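Below: the structure, in structure tokens.
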Amino acid sequence: MHNRVSGQDNLVSVRDLTFSRGNKKIFDDISLDFQRGKVTAIMGPSGTGKTTMLKLIGGQLFPDKGSVFVDGQNVHKLRRADLYNLRKRLGMLFQSGALLTDMSVFDNVAFPLREHTQLTESMIRTLVLMKLQAVGLRGASQLMPNELSGGMARRVALARAIALDPMMIMYDEPFTGQDPISMGVLVHLIKSLNNILGLTSIIVSHDVHDTMAIADYIYVLSGGKIVGQGSPKEIQESDSEWVQQFMTGAADGPVHFHYPAKDYIDDLMSSGKRY
Amino acid sequence: MQHTRNQDTLVGLLVASGIAGLFFLAMHVSNLSSFSDEDSYTITAKFENSGGLKVKSPVSAAGVKIGKVTSISFDPKTYKSVVQLSINSKYSTLPDDTTASVFTAGLLGEQYVNLEPGGSETYLKKGGEIEITQSAIILEKAIGQFLFKSAAEEKK
Amino acid sequence: MDFIEGLGASTRISFNKLGRGTHFLVQTISGIMSVLLRPRLLTKQLYSVGVMSFLIITISGLFVGMVLGLQGYYTLSDFGAEETLGVMVAASLVRELGPVVSALLFAGRAGSALTAEIGLMKATEQLSGMEMMAIDPIKRIITPRFLAGLISMPLLAGIFSAVGIIGGQIVGSGLLGVDEGAYWSQMQASIDFYDDIVNGVIKSIVFGFVTSWIALFEGYDAIPTSEGVSRATTRTVVNSAFTILGLDFILTALMFGDH
Chain G
3 MHNRVSGQDN LVSVRDLTFS RGNKKIFDDI SLDFQRGKVT AIMGPSGTGK TTMLKLIGGQ
63 LFPDKGSVFV DGQNVHKLRR ADLYNLRKRL GMLFQSGALL TDMSVFDNVA FPLREHTQLT
123 ESMIRTLVLM KLQAVGLRGA SQLMPNELSG GMARRVALAR AIALDPMMIM YDEPFTGQDP
183 ISMGVLVHLI KSLNNILGLT SIIVSHDVHD TMAIADYIYV LSGGKIVGQG SPKEIQESDS
243 EWVQQFMTGA ADGPVHFHYP AKDYIDDLMS SGKRY
Chain S
-19 MQHTRNQDTL VGLLVASGIA GLFFLAMHVS NLSSFSDEDS YTITAKFENS GGLKVKSPVS
41 AAGVKIGKVT SISFDPKTYK SVVQLSINSK YSTLPDDTTA SVFTAGLLGE QYVNLEPGGS
101 ETYLKKGGEI EITQSAIILE KAIGQFLFKS AAEEKK
Chain B
-12 MDFIEGLGAS TRISFNKLGR GTHFLVQTIS GIMSVLLRPR LLTKQLYSVG VMSFLIITIS
48 GLFVGMVLGL QGYYTLSDFG AEETLGVMVA ASLVRELGPV VSALLFAGRA GSALTAEIGL
108 MKATEQLSGM EMMAIDPIKR IITPRFLAGL ISMPLLAGIF SAVGIIGGQI VGSGLLGVDE
168 GAYWSQMQAS IDFYDDIVNG VIKSIVFGFV TSWIALFEGY DAIPTSEGVS RATTRTVVNS
228 AFTILGLDFI LTALMFGDH
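So the sequences go chain by chain: G, S and B. Residue numbers for the first sequence follow our numbering, so the first one is 3 and each next one is one higher. Residue numbers for the second sequence follow our numbering, so the first one is -19 and each next one is one higher. Residue numbers for the third sequence follow our numbering, so the first one is -12 and each next one is one higher.
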């Protein structure tokens, strides 16, 4: 259907993007491409604005400069109704799951279907059970979100994200704080959803090991710039200090262990006056 | 589903009791129920002095409220206070020699118009005028008269 | 200099907040049509906003009315005017205490809960998640709650006044021996439907409007942390109380000023 051979078939492309929060530049004139049908990962230390990138792609935040194209449309130039139509075709998995706490698991997954379609209740039921079956939680359909473990909540959120059969899913830190078993389950789910449904996936993560296992292409961000990119193999063999520090998890390197501060001895000896 | 039905019932109860409360205020607390304008007729009474009478002051006969004051104006020709009374149509048999007086309910209470029916065979018509009126008693005047009278008696 | 600068900065911040609040209100109101087409969203909120406030409003109304009956009786009996007790109780409830006290209770009971709920939905990314599902959180979450507040407030104020007047009658004629007929007939003679009842209802609609607006906006605008939400909740109660009392003064001056 789509031309997946040429590297030019990008579902999402970010061009010359600059974004700052207060005086801090989160992104400094960077460009990224996300190929259709592939799993692309954005990696980097915490606080490099990986989640911000997803919100820029989803049109929830506006860049200072540059543009984001999703499926050929400039996200930040769209009218509100068009943006909402585009979002119906995007799924996003939040770090916390972002389930609606006043509804059962079933109603959470049914929520986008009930809001956006005119399907009958019996069709919705069938669809919801299919989506829950796909993430292995059909048996939990009557539980409330506060009765779920973190990993289960994320799987329910994943079922909800695929409810409208989107063309792309963005995963925000899907592996954070998971035990090895649910981590394995999620890795397997992301990979198989991508292959079976032909989805495009963007994963934001700082979990080196598992991301390497499923990503087709990786961007490593640090300090608002792209410090490394390529296939997992290329990244592993990269000679960039930044990338190596991140991959091996060294405490100090180009990314310093210490938050910028004035001289340690001076600070200890000073009067302690607040400023 | 049971849950939503319970919710609906309780919301229904809230709305019903809210409306019942407002209805109670309208019909039982305020003057809305007493009578409305369409089934009433207007008569006029001219007083030398209508005192503290106000628009909406009650009009009663034998202690029963039968109407209200709808307007009070000063007639520049006769120098009298012209008071329009709206009387409930149920009480259409007031004789034409009815006396209208401005009374006070209690010592400090509201002033109202009291109608004292006379013995005439003919009734007051719509738009008719009450001929015999008695002005409001002005407290200061009454006290003044009393003092003057007792002073005059002492001199004798 | 610092003082002037601080004053300027807080003026700028206040205007900025007012602007955001107004924008929020316009968006909220523009969602009313779509909520009316899905009344189930509204009944759910009428339940959690209105029904949940019913008990506190009814009980407070009863006691406020009883206290008015007691205090009014002692004051009025000094002048031998006990039979006007009904007028006093009804006029103070219908014009002032009904709308104002029930709005203050409403802000404390329902307003704070709304702020906390919306603030926590924001903190747990539920609102953001909804936006990414192409569902407008203002239309789906905020507008039904706003409408529910707007509808509940006059109903609750009506219940408060009605129960209070009955409470005044229980104390006045039940315990203190004011003639029951005088209680009601004096009341009916003095309380005017348009001047008193309708104006009281208008007041409560205005209070319901501003209280719901403040509560929802504070939640929506809260800093999405536990501290931010707790502060926003406090602000809802404090700001609602100030606004209700301030507006009450203005409305009273406009409505009853020419008497």
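Where is the CB? At the ideal position from N, CA and C, for every residue including glycine. Just so it is clear, the structure is predicted and the values come from calculations on it, not from any experiment.
Once DSSP output is grouped into helix, strand and coil, what is the label at arginine 6 of chain G?
Note that arginine 6 of chain G has pLDDT 37, beneath the 50 cutoff, so the model's placement of it is unreliable and no number is given.
What first and last residue would you give for the beta strand (DSSP E) that runs through lysine 235 of chain G?
First-last for lysine 235 of chain G: 234 to 239, but that is the alpha helix (DSSP H), not the beta strand (DSSP E).
State yes or no: is the beta carbon of serine 80 of chain S nearer than 8 Å to at least one beta carbon in chain B?
The identity of residue 80 of chain S in the sequence shown is alanine, whereas the question assumes serine. No - not a single Cβ of chain B is within 8 Å of the one on alanine 80 of chain S.
Using a Cβ-Cβ cut-off of 8 Å, state whether valine 38 of chain B counts as contacting chain S.
Closer than 8 Å to some Cβ of chain S, the Cβ of valine 38 of chain B qualifies, so yes.
Are the C-beta atoms of glycine 1 of chain S and some chain B residue less than 8 Å apart?
At least one chain B Cβ lies under 8 Å of glycine 1 of chain S.
Which residues, in order along the stretch 46 to 78 of chain S, keep a beta-carbon less than 8 Å from a beta-carbon of chain B?
Taking 8 Å as the Cβ-Cβ cut-off against chain B, none of the residues of the stretch 46 to 78 of chain S qualify.
Are the C-beta atoms of tyrosine 121 of chain B and some chain G residue less than 8 Å apart?
With the sequence shown as reference, residue 121 of chain B is identified as alanine, and tyrosine is not the correct amino acid for it. Yes, alanine 121 of chain B lies at the interface with chain G (some Cβ there is under 8 Å from its Cβ).
May I ask which residues mark the beginning and end of the beta strand (DSSP E) holding arginine 17 of chain G?
Element bounds for arginine 17 of chain G: 12 to 23.
Which two residues bound the contiguous alpha helix (DSSP H) that contains phenylalanine 93 of chain B?
Unbroken alpha helix (DSSP H) run through phenylalanine 93 of chain B: 85 to 93.
I need the boundaries of the beta strand (DSSP E) containing valine 82 of chain S, first residue and last residue.
Counting along the chain, the beta strand (DSSP E) containing valine 82 of chain S begins and ends at 79 to 84.
If you drop the 5 nearest sequence neighbours on each side, which residues of the same chain put their C-beta closer than 6 Å to that of glycine 48 of chain B?
Closer than 6 Å at Cβ, skipping near neighbours: Phe147, Val150, Gly151.
Please name the residue, chosen from G/Met94, G/Asp73, G/Thr202, G/Thr103, that lies closest to methionine 2 of chain G on a Cα-to-Cα basis.
Summary: the structure shown does not reach residue 2 of chain G, with chain G confined to residues 3 through 277, and so no result is reported for it.
Using beta-carbon positions only, say whether alanine 61 of chain S and glycine 47 of chain S come within less than 8 Å of one another.
According to the sequence displayed, residue 61 of chain S carries serine and not alanine. Taking 8 Å as the Cβ cut-off, serine 61 of chain S and glycine 47 of chain S do not qualify as a contacting pair.
In terms of residue numbering, what span does the alpha helix (DSSP H) encompassing alanine 78 of chain B cover?
It spans 72 to 78 - the alpha helix (DSSP H) in which alanine 78 of chain B sits, taken as one unbroken run.
Taking the alpha helix (DSSP H) that glutamine 180 of chain G falls in, what are its first and last residues?
Segment: none, glutamine 180 of chain G is in no alpha helix (DSSP H) and carries neither H nor E.
At 9 Å on the CB atoms, spell out the chain S contacts of isoleucine 184 of chain B, in chain order.
Simply Leu2, Leu5, Ala6, Val9, Ser10, Leu12.
Using CA atoms only, rank isn't needed, just tell me which of G/Arg116, G/Met154, G/Tyr173 is closest to isoleucine 183 of chain G.
Cα-wise, what sits closest to isoleucine 183 of chain G is G/Met154.
Is valine 130 of chain G closer than 8 Å to phenylalanine 108 of chain G when the C-beta atoms are compared?
Yes, these two residues count as a Cβ contact at 8 Å.
Hey, which unbroken runs of the beta strand (DSSP E) at 3 residues or more fall wholly within the stretch 67 to 115 of chain G?
Listed in chain order, the complete beta strand (DSSP E) runs (minimum 3 residues) inside the stretch 67 to 115 of chain G are 67 to 72, 92 to 95.
Which same chain residues end up closer than 7 Å to lysine 227 of chain G when comparing Cβ atoms and leaving out the 5 residues on each side of it in sequence?
Answer for lysine 227 of chain G: Asp30, Ile32, listed in chain order.
Starting from aspartate -12 of chain S, find everything on chain B with Cβ-Cβ shorter than 8 Å and list it in chain order.
By Cβ distance, chain B contributes Thr30.
If you drop the 5 nearest sequence neighbours on each side, which residues of the same chain put their C-beta closer than 8 Å to that of alanine 85 of chain S?
Excluding sequence neighbours, alanine 85 of chain S sits near Gln91, Tyr92.
Can you tell me which of the three DSSP states leucine 27 of chain G falls into?
In the sequence as presented, leucine is not what sits at residue 27 of chain G; that position holds lysine. Strand at lysine 27 of chain G.
Out of S/Val63, S/Asp77, S/Val(-9), S/Lys45, which has the shortest C-alpha to C-alpha gap to serine 69 of chain S?
Checked all of S/Val63, S/Asp77, S/Val(-9), S/Lys45; the closest Cα to serine 69 of chain S is S/Lys45.
Whole angstroms are fine: how far does the CA of isoleucine 138 of chain B sit from the CA of serine 79 of chain B?
Going by the C-alpha atoms only, they are around 23 Å apart.
Smallest Cα separation from glycine 187 of chain B: which of B/Thr62, B/Gly145, B/Ser199?
That would be B/Gly145, whose Cα lies nearest to the Cα of glycine 187 of chain B.
Along the chain, where does the alpha helix (DSSP H) that runs through glutamate 118 of chain B open and close?
It spans 113 to 119 - the alpha helix (DSSP H) in which glutamate 118 of chain B sits, taken as one unbroken run.
Could you please give the first and the last residue of the uninterrupted alpha helix (DSSP H) stretch that includes phenylalanine 66 of chain B?
Unbroken run through phenylalanine 66 of chain B: none, as it is neither H nor E.
How about the stretch 76 to 96 of chain B and the stretch 23 to 34 of chain B: do they share at least three Cβ pairs that are nearer than 8 Å?
As far as the Cβ criterion goes, the stretch 76 to 96 of chain B does not touch the stretch 23 to 34 of chain B, which means the pair count is below three.
Only counting the same chain, and skipping five residues up and downstream in sequence, which positions put a Cβ closer than 6 Å to that of threonine 54 of chain G?
Taken in chain order, the residues that qualify are Ile28.
Would you be able to state if there are at least three C-beta pairs under 8 Å between the stretch 57 to 76 of chain B and the stretch 179 to 196 of chain B?
Short answer: they don't touch.
Using a Cβ-Cβ cut-off of 8 Å, state whether aspartate 65 of chain B counts as contacting chain S.
Judged by the 8 Å Cβ criterion, aspartate 65 of chain B is not in contact with chain S.
Can you name the residues of chain G whose CB is closer than 8 Å to the CB of glutamine 113 of chain B?
The contacting residues are Ala100, Leu101, Leu102, Thr103.
Excluding five sequence neighbours on each side, which residues of the same chain lie with their C-beta closer than 6 Å to the C-beta of asparagine 226 of chain B?
Hits under 6 Å: Ile201.
Distance cutoff 8 Å, beta carbons only. Does glutamine 175 of chain B sit that close to anything in chain S?
It does: the Cβ of glutamine 175 of chain B has a partner Cβ on chain S nearer than 8 Å.
Just verifying my parser: in three-state terms, what is the DSSP assignment at glutamate 175 of chain G?
DSSP places glutamate 175 of chain G in coil when its eight states are reduced to three.
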